[in-house]
Amino acid sequence: MSVATSSRRKASKRQASSDIEDERPSQSRADEQVEDDEDEPQARRRATNGVKKEKKLDISRKQNTREVGEDDDDEDDDGRIDVENFHDQPLSRADAAKLQGLGRDWNNIAKHVRPNWRVVGDVAVALAEVGEGEDVVNGLVELDDIMKNLIDIGAEMDSHEKVLDEIAQKILQGQEVDDTADRYKEGVLVELRDYRNKTTRQKYAKSEEYASFKSAIWEVQQPDKGMPPITDFIPKEDGDDSDDDDELEMGGVNQNYNCPITLTLLVKPVTSKVCNHSFSHDAIMQSFRGSPSVKCPAAGCTKKFARTDLVPDKDLEKRVKAYERRARRAAENSDAEEIID
Ligand SMILES: [Zn+2]
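The UniProt record's numbering puts the first residue of the sequence shown at 1, with every later residue one more than the last.
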């Protein structure tokens with residue numbers, strides 16, 4: 001920064017002395033020769049004045065309120081950053097690590113925020129349990145929009161992380177990266193534009209958050225039927241592929257809250273990161289019998305997993321409890337009907 005400041009000052013000095021030359025009255029060569037020696041100190045004084053005038057202008061242009069003193073020569077330590085003339089420097093490898101750190105910050109924010117979106121599903125379940133009617137339908141439509149907006153925000157957070165990481169990778173590969181702020185801004189805008197251009201299916205059909213939101217409502221409304229694929233809820237639009245990649249879609253899983261081992265309702269459920277099957281905690285832990293991994297006990301599943309692949313599934317546990325509650329209420333109702341009969 002001090003380099004930029006001092007080169008600017010040199011420029012203004014040059015400017016000042018040429019002004020002075022212009023101001024000199026036109027004289028004959030001879031006169032000039034004679035007077036030169038005499039004039040010299042005065043000329044220097046005038047030059048100095050000129051420089052000071054220039055500096056004053058310069059500084060007022062920058063809206064600096066500092067007074068210009070007589071001994072202004074050691075301005076190098078004035079600490080001002082000459083923003084207009086500040087040359088953008090390429091980032092160093094150390095900066096790449098900082099960018100990656102920023103990317104991780106976005107990731108952490110997303111990780112903290114995302115689990116809370118389940119509350120939208122909880123509200124939807126509570127609303128669906130009220131029954132039918134226009135208010136319920138409208139409320140569920142509204143919650144559906146909220147869920148989609150949240151997923152959009154998730155995509156935006158992801159794009160920040162992605163763009164920062166891409167810039168960092170370029171630096172680490174030895175590419176010269178400058179204008180980083182612009183690259184970052186521009187990169188995120190491009191990502192967001194690409195996202196907006198996606199179809200509704202492309203945005204939400206493969207979102208786990210949307211799938212669990214939809215299936216939570218489905219379970220309340222049609223507890224006896226398996227949920228169809230998520231795409232059944234999202235009409236096909238221009239740009240959607242044919243239904244070839246159905247197998248990749250979420251949903252369509254018949255909700256069953258029984259543990260595949262105990263065949264009774266899940267207790268303290270854990271879910272396998274490998275194949276997404278869930279089990280009662282104690283039952284699956286016993287099935288390891290000392291070996292490091294076990295074949296998945298779920299019917300038709302050929303995957304193997306270790307204890308560390310099993311994560312406590314609080315969300316599922318909540319749904320099991322809600323299911324129990326509904327089952328109990330249904331039983332009470334039918335008991336009541338029997339009594340009336
Ligand atoms: Zn499995």
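The beta-carbon is built from N, C-alpha and C at its ideal position, and this holds for glycine as well. Just so we're clear, the structure is a prediction, and the values are computed from it rather than from any experiment.
If you check the beta carbons only, do isoleucine 234 and alanine 205 fall under 7 Å apart?
yes
Does DSSP put threonine 308 in a helix, a strand or coil?
In the structure shown, threonine 308 sits in a helix (DSSP, three-state: H, G or I).
Helix or strand or just coil, what does DSSP make of leucine 265?
strand
What are the boundary residues of the alpha helix (DSSP H) that includes valine 220?
208-221
Output yes or no for whether 7 Å exceeds the beta carbon distance between threonine 271 and valine 220.
no
Indicate the three-state DSSP secondary structure (helix, strand or coil) for lysine 273 in the structure shown.
Note: lysine 273 maps to coil in three-state DSSP.
Quick one: grab the DSSP three-state call for proline 115.
helix
Per DSSP, what are the beta-bridge partners of valine 294 in this structure?
Phe305
For glutamate 237 and arginine 201, believed in contact at Cβ under 8 Å, the rounded distance
Right, the Cβ-Cβ distance comes to about 7 Å (below 8 Å), so this counts as a contact.
Report the rounded CA-to-CA distance for aspartate 313 versus glutamine 286, giving the unit in angstroms.
18 Å
Do histidine 277 and cysteine 301 count as a contact pair if the criterion is CB distance below 7 Å?
Yes, they are a contact pair.
Beta bridge counterpart(s) of phenylalanine 279 as assigned by DSSP:
Val270
Can you tell me the Cβ-Cβ gap for arginine 307 and phenylalanine 279, rounded? I've got them flagged as a contact below 8 Å.
That belief does not hold up - the Cβ atoms of arginine 307 and phenylalanine 279 are roughly 12 Å apart, past 8 Å.
Considering Cα atoms alone, identify which of Leu192, Ile167 and Arg80 is closest to aspartate 95.
Measuring from the Cα of aspartate 95, the nearest candidate turns out to be Ile167.
For the pair the segment 110-124 and the segment 144-156, tell me if three or more CB-CB distances fall below 8 Å.
yes
Report buried or exposed for serine 207, applying the criterion of at least 16 other Cβ atoms within 10 angstroms of its Cβ.
buried
Would you mind working out which of Asp88, Gln100, Lys198 and Glu142 sits nearest residue 343, comparing C-alpha positions?
Outside the displayed range of the chain (1 to 341) lies residue 343, so it cannot be described from this structure.
Between lysine 295 and ligand 1, is the CB less than 6 Å from at least one heavy atom?
No, Cβ of lysine 295 sits at least 6 Å from all heavy atoms of ligand 1.
Helix, strand or coil for asparagine 258? Go by DSSP, reduced to three states.
strand
Any heavy atom of ligand 1 closer than 6 Å to the Cβ of alanine 306?
The beta carbon of alanine 306 sits no closer than 6 Å to any heavy atom of ligand 1.
Rounded separation between lysine 98 and leucine 150 - CA only
The straight-line gap from Cα to Cα measures roughly 28 Å.
Determine the burial state of leucine 127: buried for a count of at least 16 other Cβ atoms within 10 Å of its Cβ, exposed for fewer.
Burial call: buried.
Jot down the residue ranges of each uninterrupted alpha helix (DSSP H) in the segment 170-210, minimum 4 residues, whole runs only, in chain order.
180-196 and 200-204, all fully within the segment 170-210.
Let me know the secondary structure DSSP gives alanine 124 once reduced to three states.
helix
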